[in-house]
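For reference, the structure is listed below as structure tokens.
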Amino acid sequence: MTARILDGNALSQIVRADLAEKAAALKATQNIVPCLAVILVGEDPASAVYVRNKVAACEKAGFRSIKESYPPNVEPIVVLGKIAALNADPSVHGILVQLPLPRQFDAAAVLEAISPEKDVDGFHAENVGALMQGNPRFVPCTPCGVMKMLASENVPLKGAEAVIVGRSNIVGKPMAMLLLAESCTVTICHSRTRDLAFHTRRADILVAAVGQPKMITGDMIKPGATVIDVGINRTPEGKLCGDVDFESAKEVAGLITPVPGGVGPMTITMLLANTLEAAERTLG
Ligand code: GUN
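Numbering of the sequence shown is given in the working numbering, commencing with residue 83 and proceeding in unit increments.
Written out as structure tokens, the structure reads:
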């Protein structure tokens with residue numbers, strides 16, 4: 083069997099066209115242009131690419147964007163001062179601090195400094211708590227994008243066995259909350275899980291979010307399962323690859339996301355969706 087490919091680029095194009103239309107309508111009727119501020123600290127090449135893509139996606143959808151870059155040795159107080167200014171600026175609707183931050187930063191304190199109403203990443207404790215309580219405001223972009231992808235293919239969720247590999251605050255934990263809210267039976271696996279394959283082989287929906295190139299192989303997948311690959315890694319030859327060994331996995335899975343062109347574009351799409359929502363919320 084060869085799995086069907088869940089094309090994140092194609093779905094992104096459809097959703098982004100809709101967001102661009104809504105942004106144009108907001109401008110025409112309310113004179114509000116959705117605006118995202120992105121803060122990049124340091125010289126991590128992957129972060130620089132992600133930020134560039136986020137800014138470019140804003141421009142393309144008719145959103146305004148502000149990019150603030152700081153050297154790796156910047157004092158945290160400088161960045162916190164910028165966040166305070168952006169919080170106070172009514173023309174800015176979303177604020178995002180690209181992670182990871184250099185060592186001198188207390189990342190949690192930085193995320194808490196962002197106004198929860200502008201926290202389009204959904205990382206502020208208030209937004210994390212709201213998601214946990216089943217009353218979400220801003221949902222972290224990657225898991226939100228995964229849910230959109232599952233919905234686009236009508237993947238059955240109620241009572242499904244969902245196994246997430248990875249327990250990060252950015253993907254694993256919020257992913258678990260979203261799947262649980264849709265009545266999946268959710269298992270979170272991590273680096274200390276005993277017999278990972280035992281769990282992954284039970285999964286109707288398998289989400290890999292660990293940052294280990296090709297660690298999920300075909301023999302770890304239930305035939306016909308939906309496999310969502312959140313990983314973005316590089317092979318020793320410099321090629322992009324996911325956490326899933328696509329070649330062996332596609333022979334077993336029923337539906338699978340590629341890397342690149344799977345979850346990645348949907349993450350940015352949901353960032354645009356959250357920014358538009360933040361802008362619309364300013365109308366009350
Ligand atoms: N670093 C890796 N993923 C993300 C993300 O979704 N948001 C931010 N701010 N930083 C990240």
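Virtual Cβ for every residue (Gly too), placed ideally from N, Cα, C.
Since residue 232 is in the alpha helix (DSSP H), which residue starts that stretch and which ends it?
Run containing residue 232: 223-234, per the alpha helix (DSSP H) assignment.
For the alpha helix (DSSP H) that contains residue 98, what are its first and last residues?
Note, residue 98: alpha helix (DSSP H), 90-112.
Helix, strand or coil for residue 368? Go by DSSP, reduced to three states.
For the chain, the structure presents residues 83 to 366; residue 368 sits outside this window and is missing.
Are the beta-carbon atoms belonging to residue 342 and residue 358 less than 7 Å from one another?
Against a cut-off of 7 Å, the Cβ pair of residue 358 and residue 342 comes out as no contact.
Would residue 298 pass as a contact of residue 325 if the rule is Cβ separation under 7 Å?
Between residue 298 and residue 325, the CB-CB gap stays under 7 Å.
Same chain, Cβ closer than 8 Å to residue 122, neighbours up to 5 away in sequence not counted:
Within the same chain, 129, 130, 133, 149, 150, 151, 152, 180 come within 8 Å of residue 122 by CB-CB distance, once the 5 residues on both sides are set aside.
Cα-Cα, which of 365, 361, 366 is closest to residue 115?
It is 361.
Can you determine whether any heavy atom of ligand 1 sits closer than 6 Å to the C-beta of residue 252, and answer yes or no?
At least one heavy atom of ligand 1 lies closer than 6 Å to the C-beta of residue 252.
Exposed or buried, what is residue 272 when buried is set at 16 or more other beta-carbons lying within 10 Å of its beta-carbon?
It counts as exposed.
Does DSSP put residue 183 in a helix, a strand or coil?
If DSSP states are grouped into helix, strand and coil, residue 183 belongs with coil.
Mind checking residue 201: buried by the 16 CB within 10 Å criterion, or exposed?
Here residue 201 is buried: its Cβ has 16 or more other Cβ atoms, across all protein chains shown, within 10 Å.
What does the alpha-carbon distance come out to for the pair residue 195 and residue 203?
Spanning the two alpha carbons is a distance of roughly 13 Å.
For the stretch 269-283 and the stretch 221-240, state whether three or more C-beta atom pairs, one from each stretch, are separated by less than 8 Å.
Counting Cβ pairs under 8 Å, fewer than three are found: no touch.
Contact test: residue 294 Cβ vs ligand 1 heavy atom, cutoff 6 Å
When distances are taken from the beta-carbon of residue 294 to the heavy atoms of ligand 1, even the shortest one reaches 6 Å or more.
Check whether the Cβ atoms of residue 154 and residue 127 lie closer than 7 Å to each other.
Cβ distance not < 7 Å, so residue 154 and residue 127 don't count as in contact.
Cβ neighbour criterion (16 or more within 10 Å) applied to residue 113
With fewer than 16 Cβ atoms within 10 Å of its Cβ, residue 113 is classed as exposed.
Can you tell me whether DSSP reads residue 287 as helix, strand or coil?
Three-state DSSP puts residue 287 in a strand.
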